[in-house]
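S.K.:
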Amino acid sequence: MTTFVLVHGAWHGPWAWDRVAPLLHAAGMRTLTPDLGAAEDQGLHDHAKAVAAAVDTVAQSDDVVLVGHSYAGLVVREAADARPEAIGHIVLVDGWAGPDGSSMFSLAPDAFVAAVRAAAGDGRRIPAPPPAAFGIVEPDAAAGLAARLRPQPLCTFTEPTRLTGAVDRIAGTAVYCRPQTYPFDRFGEALGYRTLPLDGPHDVMLTHPKPLARALLDARSFSSGKREI
């Protein structure tokens with residue numbers, strides 16, 4: 001049995017996967033959708049620990065595919081580094097990712113960093129940007145998304161990942177959405193991941209769940225293998 005651990009990105013919640021998870025279930029897969037939380041004192045390391053704890057609940061006989069959207073690309077790589085024996089494959093969906101010491105602010109362009117810092121002001125949380133920032137522009141969909149987005153802890157964007165190198169022994173796929181907003185394909189290539197284009201906006205799991213589900217199922221065939229028991 002394969003379990004997909006689906007990890008949402010910044011400003012989102014587990015609900016981001018509500019249209020993808022049923023498609024994976026219909027294909028005979030299991031899913032977990034951990035909540036990264038949005039308390040102002042939480043950082044990237046707290047989020048990685050939450051994902052690792054979710055992985056710990058999966059049966060040892062299962063093959064685990066760890067999926068991170070956007071900011072969660074950094075989170076899932078740190079979580080996988082802590083549980084390398086448990087993870088069969090990593091999938092980044094328009095995911096930020098890099099080597100040890102990478103953070104959102106170290107990977108993002110200066111304009112992005114400046115805009116985020118300005119939005120946070122003197123506070124410790126970043127207000128959610130408008131839905132259009134995620135590629136959601138249809139009025140009803142945008143209104144629904146705006147109502148669910150939540151502030152993001154600033155320290156999640158400033159904390160650098162702590163990686164031992166164990167994560168680099170796990171096979172990975174970088175799904176990048178077209179047209180691109182940031183060089184997510186290059187982030188994946190730099191890590192040695194296979195790259196896979198997918199037409200759709202940054203929040204592709206909301207707009208194109210079927211193609212994304214197919215891409216996730218396809219990634220299973222590139223698994224690093226069963227965990228060691």
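Here the sequence shown is numbered in UniProt numbering, starting from 1 and rising by one per residue.
For glycine and all other residues, C-beta sits at the position ideal for the given N, C-alpha and C.
1) Quick check on the burial criterion: 16 or more other C-beta atoms within 10 angstroms. Buried or exposed for Met104?
2) Hey, would you say Val175 sits closer than 8 Å to Leu92, going by beta carbons?
3) Could you give the residue range of the alpha helix (DSSP H) that holds Phe157?
4) For the 8 Å Cβ check, are there 3 or more pairs between the region 195–208 and the region 161–178?
5) Using the Cα positions of His45 and Ser221, report the straight-line distance between them to the nearest angstrom.
6) Looking at C-alpha atoms only, which residue of Ala219, Pro201, Gly192 and Lys210 is the closest neighbour of Gly98?
7) Report yes if the CB atom of Leu212 is closer than 8 Å to the CB atom of Ile136, and no otherwise.
8) Note down the Cα distance separating Phe134 from His202, rounded to an integer number of angstroms.
9) Let's test the definition: count the other Cβ atoms within 10 Å of the Cβ of Ala215 and tell me whether it reaches 16, buried, or not, exposed.
10) Check each candidate in Trp17, Ala114 and Leu66 and name the one with the smallest Cα separation from Ala219.
11) When the Cβ atoms of the region 7–14 are set against those of the region 23–35, are three or more pairs found closer than 8 Å?
12) For Gly188, does the three-state DSSP call read helix, strand or coil?
13) What are the boundary residues of the beta strand (DSSP E) that includes Asp199?
M.R.: Reading from the atomic positions:
1) Taking the sequence shown and counting its residues from 1, one reaches residue 104 at position 104. Buried, because 16 or more other Cβ atoms sit within 10 Å of the Cβ of Met104.
2) If you number the sequence shown from 1, residue 175 lands on position 175. If you number the sequence shown from 1, residue 92 lands on position 92. In this structure, Leu92 lies closer than 8 Å to Val175 by Cβ.
3) Reading the sequence shown from its first residue, position 157 is the one you call residue 157. Per DSSP, Phe157 belongs to the alpha helix (DSSP H) from Cys155 to Thr158.
4) Yes, the region 195–208 touches the region 161–178.
5) Counting from 1 along the sequence shown, the entry for residue 45 is found at position 45. Counting from 1 along the sequence shown, the entry for residue 221 is found at position 221. Their Cα atoms are separated by approximately 30 Å.
6) Your numbering for residue 98 matches position 98 in the sequence shown. When each option's Cα is compared against that of Gly98, the closest is Gly192.
7) Position 212 of the sequence shown, counting from 1, holds the residue named residue 212. Position 136 of the sequence shown, counting from 1, holds the residue named residue 136. Going by C-beta atoms, Leu212 is not nearer than 8 Å to Ile136.
8) For this step, residue 134 is matched to residue 134 along the sequence shown. For this step, residue 202 is matched to residue 202 along the sequence shown. So the alpha carbons of these two residues sit roughly 5 Å apart.
9) Mapped onto the sequence shown, residue 215 falls at position 215. Per the 10 Å Cβ criterion, buried.
10) As a first step, residue 219 must be located in the sequence shown, where it is residue number 219. Closest by alpha carbon: Leu66.
11) yes
12) Here residue 188 corresponds to residue number 188 of the sequence shown, with the count starting at 1. Helix.
13) Sequence index remark: in the sequence shown, residue 199 carries index 199 (1-based). First-last of the beta strand (DSSP E) with Asp199: Arg194 to Asp199.
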